[in-house]
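Presented below is the structure to which this report refers.
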Amino acid sequence: MSTKVKVKTISMRDAIIEALTEEMERDEKTVLFGEDVGKFGGINAVTKGLYDKFGGKRVFDTPIAETTIVGAALGMAITGLRPIPELQFGDFVGIAFDEVFNKLGKWRYMHGGQMEVPVTLRLPIGIAGGAGPEHSQSPQALFMHAPGVQIAIPSTPYDAKGLLKTAIRDNNAVLFFEHKLLYGMKGEVPEEEYLIPLGKADIKREGSDVTIIATALQVHTALDAAKTLAKEGIQVEVVDPRTLAPLDKETILGSVRKTGRVLIVHEEPKTGGCGAEIAAQISEEALFDLHAPIRRIGSPDVPIAQSIYLEQFYRPSEEQIIEVVRELLEY
Numbered sequence: 000m001s002t003k004v005k006v007k008t009i010s011m012r013d014a015i016i017e018a019l020t021e022e023m024e025r026d027e028k029t030v031l032f033g034e035d036v037g038k039f040g041g042i043n044a045v046t047k048g049l050y051d052k053f054g055g056k057r058v059f060d061t062p063i064a065e066t067t068i069v070g071a072a073l074g075m076a077i078t079g080l081r082p083i084p085e086l087q088f089g090d091f092v093g094i095a096f097d098e099v100f101n102k103l104g105k106w107r108y109m110h111g112g113q114m115e116v117p118v119t120l121r122l123p124i125g126i127a128g129g130a131g132p133e134h135s136q137s138p139q140a141l142f143m144h145a146p147g148v149q150i151a152i153p154s155t156p157y158d159a160k161g162l163l164k165t166a167i168r169d170n171n172a173v174l175f176f177e178h179k180l181l182y183g184m185k186g187e188v189p190e191e192e193y194l195i196p197l198g199k200a201d202i203k204r205e206g207s208d209v210t211i212i213a214t215a216l217q218v219h220t221a222l223d224a225a226k227t228l229a230k231e232g233i234q235v236e237v238v239d240p241r242t243l244a245p246l247d248k249e250t251i252l253g254s255v256r257k258t259g260r261v262l263i264v265h266e267e268p269k270t271g272g273c274g275a276e277i278a279a280q281i282s283e284e285a286l287f288d289l290h291a292p293i294r295r296i297g298s299p300d301v302p303i304a305q306s307i308y309l310e311q312f313y314r315p316s317e318e319q320i321i322e323v324v325r326e327l328l329e330y
């Protein structure tokens, strides 16, 4: 970030609140709703203060009915509003799967572009303190198989604010996945307005030996591993896609061609996770630039433990990443 830009240090939660506030001030057609998002301010306190500022007509609670929440958002969108529905836990998107998969992503195309679907669906994800197997999952990869929807998954306050403002202004549906353990993480955010385009990855750390492609919380695990490996003289490049759809293949392939070795890390289960698709695309377009097989680290293919102690074994660790990077360098 340029030293000429005035910045402030805030949490990712506050960055999201700022994005919501600024976009609601900018466009009176923007409305926000979901379970307990009104006076209570949301189970993760990410809508705190918005009810008082914008009133009950623009910030309101709904029943615990995810299909209705997403279906209502679609109806509002095609009749001229710009809705921002929130599901308390991203896991529950399964209840509204048809509304997301068949409606948000397809209706504009099914109707010859006559209607726009400017819905930004916010979905908290990830393990966060013993919430159990139905409240801790990361289902974002499911929607890489859903043409028509866009997928944002920020890892920093800066990215969260810039991406969310872009998502809200977009005239097509965006699924916005927020890792719960990142809400309290602080980082620098410009004081003036800025936007981050969808489909533009960010190189969080430059390196020359191995590329790690990581998403959400795992970006920080990868950065910690990179710092440790640097003490051994191993230079790791960490690439954060920031959006899974559209996926910035140019940046990813550029990094892979530079290092010749790639590890993909994410919190969703390894089988069928976003790493599977990214690995396939690298294989198709940069196979002969590789010096070693593509490696992936995901969570195990098991339900997440309810125990706050056992759930820690579910998430990829710095130690796992370091071990795989060392293996890649043996080729």
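Reading the sequence shown from the start, the letters are residues 0 to 330 in numbering that gives the first Met the number 0. The beta carbon of each residue, even a glycine, is placed where N, CA and C say it ideally should be.
Query raised in the report: Hey, which unbroken runs of the beta strand (DSSP E) at 3 residues or more fall wholly within the region 126-162?
Result: 149-151
Requested in this report: Grab the span of the alpha helix (DSSP H) containing R107 for me, first residue to last.
Outcome: W106 to M109
Query - Terminal residues of the alpha helix (DSSP H) in which R338 lies - result: With the chain covering 0 to 330 only, the question about residue 338 has no answer from this structure.
Query - Spatially closest choice to G253 from D288, D223 and H265, by CA coordinates - result: D288
Report task. Return the bridge partner residues of A244 from the DSSP annotation. Result -> I150
**Report entry** DSSP three-state assignment for I211, whether helix, strand or coil
**Finding:** strand
Query raised in the report: When burial is assigned at 16 or more other CB atoms within 10 Å of the CB, is N170 buried or exposed?
Result: exposed
Query raised in the report: What residues in its chain sit with their C-beta under 7 Å from that of H134, if we drop five residues either side in the sequence?
Result: F88 and D90
Requested in this report: Would you mind giving the Cβ-Cβ distance between V264 and I320, rounded to the nearest angstrom? I have them listed as a contact below 8 Å.
Outcome: 6 Å
**Report entry** Closest by C-alpha distance to A127, when choosing among V324, Y157 and E310
**Finding:** E310
Requested in this report: If I'm right that L73 touches V30 with Cβ under 8 Å, what's the distance once you round it to whole angstroms?
Outcome: With a Cβ gap of about 13 Å, L73 and V30 do not count as contacting.
Query raised in the report: Between the C-alpha atoms of E329 and I195, what's the straight-line distance to the nearest angstrom?
Result: 38 Å
Query raised in the report: Helix, strand or coil: how does DSSP classify F175 here?
Result: strand
**Report entry** Extent of the continuous beta strand (DSSP E) to which E236 belongs
**Finding:** V235 to D239
Requested in this report: Could you check if N101 is buried or exposed, using at least 16 other CB atoms within 10 Å of its CB as the buried criterion?
Outcome: exposed
Query raised in the report: So what's L122 in DSSP terms, helix, strand or just coil?
Result: strand
Query raised in the report: Is it right to say Y308 is buried, meaning 16 or more other beta carbons lie within 10 angstroms of its own, or is it exposed?
Result: exposed
Query - Beta-carbon separation (whole angstroms), L166 vs T119, contact threshold 8 Å - result: One detail in the question is off: residue 166 reads as Ala in this sequence, not Leu. At roughly 5 Å, the Cβ-Cβ gap stays under 8 Å, so A166 and T119 are in contact.
Query raised in the report: Near A18, which residues of its chain fall below 6 Å by C-beta distance, leaving aside the five closest residues on each side in sequence?
Result: K160, L163 and K164
Query raised in the report: Any idea if L228 is buried or exposed, counting beta-carbon neighbours within 10 angstroms, 16 or more meaning buried?
Result: buried
Query raised in the report: Of all the beta strand (DSSP E) runs that stay within the bounds of the region 275-320, which reach a length of 3 or more residues?
Result: 294-298
**Report entry** Reduced DSSP category for V188 - H, G, I as helix; E, B as strand; rest coil
**Finding:** strand
Query - Residues near K179 by beta carbon distance below 6 Å, same chain, minus five either side - result: P123, G125 and A127
Query raised in the report: Which first and last residues belong to the beta strand (DSSP E) in which L31 is found?
Result: T29 to G33
Requested in this report: Take the Cβ of K226 as the centre, count every other Cβ of all protein chains shown within 10 Å, and call the residue buried at 16 or more, exposed below.
Outcome: exposed
Query raised in the report: Are the CB atoms of E187 and V69 nearer to each other than 8 Å?
Result: no
Requested in this report: Please state whether DSSP places R204 in a helix, a strand or coil.
Outcome: strand
**Report entry** Counted within 10 angstroms of its Cβ, other Cβ atoms place Q280 as buried (16 or more) or exposed
**Finding:** exposed
Requested in this report: To the nearest angstrom, report how far apart K47 and V148 are at their CA atoms.
Outcome: 27 Å
Query raised in the report: In chain order, what residues of the same chain have a beta carbon less than 6 Å from the beta carbon of V58, not counting five sequence neighbours either side?
Result: L31, G37, L49 and Y50
Query - First through last residue of the alpha helix (DSSP H) which encompasses E65 - result: E65 to I77
Query raised in the report: Would you call Q217 buried or exposed, if buried means 16 or more other Cβ atoms sit within 10 Å of its Cβ?
Result: buried
Requested in this report: Just the C-alpha distance for Q234 and A291, rounded to the nearest angstrom, thanks.
Outcome: 16 Å
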